[in-house]
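What follows is a set of notes on a single structure, which appears directly below.
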Amino acid sequence: MLKTAQTTLTEGVINLAVGHPSLPMLPLREMEQAAAHRFAQGDAEFLQYGFEWGDGFLRTELAAFLTREYSLNQEDGLPVQAEDLFISGGVSQALDLICAMLTEPGDTIIVEDPTYFFASGIFRNHRLNIRTAPVDGHGLNVDALEKLVQQHRPKLVYTIPTHQNPSGVTLSEERREKLVQLAQQHDFYIMADEVYHLLTFDGTPPRSFSAWVAAQGEGGRVLSLGSFSKILAPGTRLGWIHAPSALLERLAQNGMIISGGGFSPLGSGLIRSMLELNLLSPYIQKLRDTFRHRAHVLADALDDLRPLGIQFQRPRGGYFIWVTLPESLNSDDLLTTALERGVRFQPGNLFSPDGTQGNNLRLCFAFYEEDDLREGVQRLGQAIRAMRRL
7 MLKTAQTTLT EGVINLAVGH PSLPMLPLRE MEQAAAHRFA QGDAEFLQYG FEWGDGFLRT
67 ELAAFLTREY SLNQEDGLPV QAEDLFISGG VSQALDLICA MLTEPGDTII VEDPTYFFAS
127 GIFRNHRLNI RTAPVDGHGL NVDALEKLVQ QHRPKLVYTI PTHQNPSGVT LSEERREKLV
187 QLAQQHDFYI MADEVYHLLT FDGTPPRSFS AWVAAQGEGG RVLSLGSFSK ILAPGTRLGW
247 IHAPSALLER LAQNGMIISG GGFSPLGSGL IRSMLELNLL SPYIQKLRDT FRHRAHVLAD
307 ALDDLRPLGI QFQRPRGGYF IWVTLPESLN SDDLLTTALE RGVRFQPGNL FSPDGTQGNN
367 LRLCFAFYEE DDLREGVQRL GQAIRAMRRL
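Following this line, the structure appears as structure tokens:
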């Protein structure tokens, strides 16, 4: 049995709750090549304490990489500048750092309902008041958010705009525009958690929120967050914040960063080599191809359960499918029956600070190969049938 906060693997149980790739998918050979390249340079600087904003060479390479990737299939090029990038310890650490430096206890943050469940714990640790805004098939309901903003005057709004975790939906271009306008009008910051944006495998997503960082300059209210955990390997524990440099300077004044320096110069050196050797883009494309196939396998299997009353949207990127159960079923209750039949999922209320998602559940297609995905859905169908007979 393997058990961490992120992973619980038990023999005999197909765990469709796991939200990360499997070990065979991780870039062992690519990272080995990158490490050999970095150490072969004969420069030990990446073994020293690092610059508070993160390794400057990595930030330069990352800026060029994001400019290329975010501009693919877009009409206008999107310049990402190295001076507007801050290397973080992944998105979780970025959220913690932003809360520490841009809020005070008692401030309000508005999050989506449903939302990434571990984020809520970070916000509670900073004693923020959490309010929720609904999500529909086009992402965060910005009209509902506007009323909440007027009522609660938040310091932050947290959104996962592309292939949202857990719902899989993507915020429309029109709503992105309005959300940025609201932030300017009502003086709050947007934390756009864009970890799945580069994992679009069907179609083209709307513009990254980095577009507004680039366009608005120092007066902007947008922080676009990315992570190498999703596009490279969770063990890297590195990501980035794209935001106006004045905001990044405030983040760099955090006592932990001043004491310890920039996050993981060693890991940054390896990722820098991944970029210099052009290993990252082809690897991401392999992820997209694999996830496209697995997502279609999982969705096709779920289609066979539609006569049982389930509903879902076929994913176009990311990791997840959000399933709505028949009205008579609650996913917390269903989980007990599902485990008896050898399948696990994440129940919907785990993702809801207000407990509004009991009729939903989240499945992940990133971890398992096709036979296990099909078998997992078959076991889920057995559990649903058993619950409906009660």
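If you read the sequence shown in our numbering, its first letter stands for residue 7, the second for the next number, and so on.
Heads up, the beta-carbon is just placed ideally off N, CA and C, and yes, glycines get one too.
These numbers come from a predicted model, not from an experiment.
- Scanning Leu204, His248 and Leu177 for the CA closest to the CA of Gln222 turns up His248.
- One alpha carbon belongs to Ile166, the other to Leu379, and they sit about 25 Å apart.
- By the neighbour-count criterion, in which a residue is buried when 16 or more other Cβ atoms sit within 10 angstroms of its Cβ, Glu110 is exposed.
- An exposed status is given to Ala50, since fewer than 16 other beta-carbon atoms sit within 10 Å of its beta-carbon.
- The bridge partners DSSP lists for Val228 are Ile196.
- The residue among Arg320, Leu108, Ala389 and Tyr374 with its C-alpha nearest the C-alpha of Gln170 is Arg320.
- Residue pairing for Trp328: DSSP places it in a beta bridge opposite Arg368.
- By the criterion of at least three beta-carbon pairs nearer than 8 Å, the stretch 207-222 is not in contact with the stretch 108-126.
- Put simply, of Val155, Asn131, Ser265 and Arg312 the residue whose alpha carbon is nearest the alpha carbon of Leu188 is Val155.
- Annotation for Tyr55: Gly267 place their beta carbon closer than 6 Å to its own, counting only its chain and skipping 5 residues before and after.
- Boundaries for Arg137: no alpha helix (DSSP H) harbours it, while the beta strand (DSSP E) harbouring it runs Asn135 to Asp142, taken from the DSSP string.
- Within the same chain, and ignoring the five residues on either side of Ala40 in sequence, the residues whose Cβ sits closer than 7 Å to its Cβ are Leu276, Ser279, Met280, Leu283 and Leu285.
- For Phe92, the secondary structure class from DSSP, reduced to helix, strand or coil, is strand.
- Collapsing the DSSP output to three states places Asn355 in a helix.
- The beta carbons of Ala139 and Ala125 sit about 14 Å from each other, so the pair does not count as a contact at 8 Å.
- Relative to Asn260, the option among Arg35, Phe194 and Leu108 whose CA is nearest is Leu108.
- Looking at the backbone, the Cα of Phe63 and that of Trp246 are separated by about 14 Å.
- Thr168 sits in coil when the DSSP states are folded into three classes, being neither helix nor strand.
- If you ignore the 5 residues before and after Ala220, its C-beta comes within less than 8 Å of the C-beta of Leu84, Pro85, Val86, Gln87 and Asp90, all in its own chain and listed in chain order.
- Given a length threshold of 4 residues, each whole run of the alpha helix (DSSP H) inside the stretch 24-71 is given here in chain order: 34-46.
- By the neighbour-count criterion, in which a residue is buried when 16 or more other Cβ atoms sit within 10 angstroms of its Cβ, Ala100 is buried.
- Of the candidates Gln47, Glu58, Ile93 and Ala46, Ile93 places its Cα closest to the Cα of Glu67.
- CA-CA distance, Leu204 to Ile20, rounds to 27 Å.
- Fewer than three pairs of CB atoms, one per stretch, sit closer than 8 Å, so the stretch 324-336 makes no contact with the stretch 237-244.
- When the beta-carbon positions are compared, Asn355 and Asp338 come within less than 8 Å of each other.
- Sequence-distant Cβ neighbours of Ala344 in its own chain, meaning closer than 8 Å and more than five residues away, are Arg350, Phe351, Arg385, Leu386 and Ala389.
- Counting only the Cα atoms, Thr296 lies some 29 Å from Leu272.
- Rounded to the nearest angstrom, the gap between the Cα atoms of Glu118 and Ala46 is 46 Å.
- In terms of CA proximity to Tyr122, Gly174 leads the group Lys153, Gly174 and His132.
- When Cβ pairs closer than 8 Å are counted between the two stretches, the stretch 70-79 is seen not to touch the stretch 305-312, the count staying below three.
- Burial state of Ala252 is exposed, judged by a 10 Å Cβ sphere holding fewer than 16 other Cβ atoms.
- About 7 Å separates the beta carbon of Ser274 from that of Leu244, a gap short enough to meet the 8 Å contact definition.
- If you check the CB distance, Leu162 and Phe194 come in under 8 Å.
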